[in-house]
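Chemist: First the structure, which I've put down as C-alpha cells, then a few questions once you've had a look.
Numbering (the UniProt record's numbering), first residue to last: 1 to 396.
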C-alpha cells in the first residue's frame, strides 16, 4: 500500500530573502500541514508532500550550465526547507516520521514544452510545468493559494493535468484567505563565468542517518549541480553519494539507535528518485548491488531513467569516490564541511587529476525560531538530536 500524497503549488515569491519567504509562504504551509494532519487515516507512515516552487526563466539558456545559477537556487531550497522546519515546530506536525509529513521541494518553470529542447530529458529537481502535470505521479490532493497568482498557476497546471489524466484525476484544493502578492520576474541570479563546464558526474558524502530536512537540502542541491542530459551527450549523468560505513560510526553519540548502512542507503536512494524521476512507468528504475574488494567496492547502482544513474557507495575514509574516480567533476559540501572539499582537491592534485568544482550550500539555522522552540527545531535538522530523542523515548 502506497503512502498518501499531496502536491502544493507555490507561485514565485516577491523576493529572494528569507523574510519574504516566511511572510509569503508560512501561512500557506501551516494550512497544508494542518489539513493533512487532520485527515490522516494511516499513522504508520508519513504523508508525502511534493512542494513545487515556480521560478520564471529557470529553464532558459541563461541558466545553463547549472553552475551559473547554483548559488541562487540552493538559496531558494535552503529558505523553503528552513521554513518547513519552523512550520513543523509551530504546528506540532512532525517531519519524516510515521503520521507526519515527508516533504520534498521541486523547482519548476512556467515554460511550455515547445520552449525546451526536444533533446533534453526532463529530470528533477528542475522541471517544466508540463512534465510535472503529465508525469506518472498521483496525488490525493493538490493545494494552491487562493489568490490571483495562485489561481493562475492552478489553472495552468489543472489544464495540462486533466488533458493527460482526465477531468476527475485530481482533487484540487484552494487555500483560503491568502493575500495577493506581486511575484518578481527576476528571481534567479545568474553568475557570469568563463567556465562553461557541464557537470555530468557529481558527488556528495555524508552519514545520512535518520533522514531529515538537512539531508534533503544537501541531496537536492547535489542533483541541481548535475547538468541536464541532452540527447547529443555521449556520457550519461552519474550522481554518486558516499554513505559512511557502519564501522566508522561506532563512536557516534547514541550509536545504539544508528540506522544500518542498508537503511541509510535505501532512504538516500528513495529520496533522490522521488525528486529526480518523473518518467513513465515503463522506464522504471532497476538497482544492482555490487560488493568488490578494495576501497569503495560496495555500492548500489540505480539506473533510474535513460541517461541518469545513481551510485550509492559505502565509504570508509573522508574522501570516498572523489579520489578513486577521476571522472567526477564536482563535489557538493556545506559551509560546515568546506574544508573537506579542499582536502579532496589536494589529494586529486597529488594524482595529477583535475581538481573538482566545489559547490557549497547554506546551513539550516534556528534564527527567527522562538527561543523556547530552538531545541525542537534542532531535532528537525540534527541526526544526533533525533537519536537522542529516540533513546529517551525508548527509556519511557
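Just so you know, even glycine gets a beta-carbon here, dropped at the ideal spot from N, CA and C.
#1: Helix, strand or coil for residue 348, going by three-state DSSP, please let me know.
#2: Could you compute how far the alpha carbon of residue 35 sits from the alpha carbon of residue 41?
#3: Return the CA-CA distance between residue 58 and residue 23, expressed in angstroms with no decimal places.
#4: What does DSSP give as the partner residue(s) for residue 289 in the beta ladder?
#5: Can you tell me whether DSSP reads residue 254 as helix, strand or coil?
#6: Figure out for me which residue from 360, 44 and 242 has the closest Cα to the Cα of residue 205.
#7: Can you give me the Cβ contacts of residue 273 inside the same chain, cut-off strictly under 8 Å, excluding the 5 residues immediately before and after it?
#8: What are the boundary residues of the alpha helix (DSSP H) that residue 270 is part of?
#9: Along the chain, where does the alpha helix (DSSP H) that runs through residue 397 open and close?
#10: What span of residues does the alpha helix (DSSP H) with residue 429 cover, start to end?
#11: Within 10 Å of its beta-carbon, does residue 98 have 16 or more other beta-carbons around it, so buried, or fewer, so exposed?
#12: Could you compute how far the alpha carbon of residue 195 sits from the alpha carbon of residue 124?
#13: In three-state DSSP terms, what is residue 137?
#14: Helix, strand or coil, according to DSSP, for residue 247 in the structure here?
#15: List the whole-angstrom C-beta distance separating residue 214 from residue 381, where the pair is believed to meet the contact cut-off of C-beta under 8 Å.
#16: Let me know if residue 259 comes out buried or exposed under the rule of 16 or more other beta-carbons within 10 Å of its beta-carbon.
Modeler: Answer, in terms of the structure:
#1: helix
#2: 12 Å
#3: 23 Å
#4: 300
#5: coil
#6: 242
#7: 285, 302, 304 and 310
#8: 261-276
#9: The shown model of the chain, from 1 to 396, leaves out residue 397, and the question about it has no answer.
#10: Absent from the structure is residue 429, since the part of the chain shown begins at 1 and ends at 396.
#11: exposed
#12: 24 Å
#13: coil
#14: helix
#15: 4 Å
#16: buried
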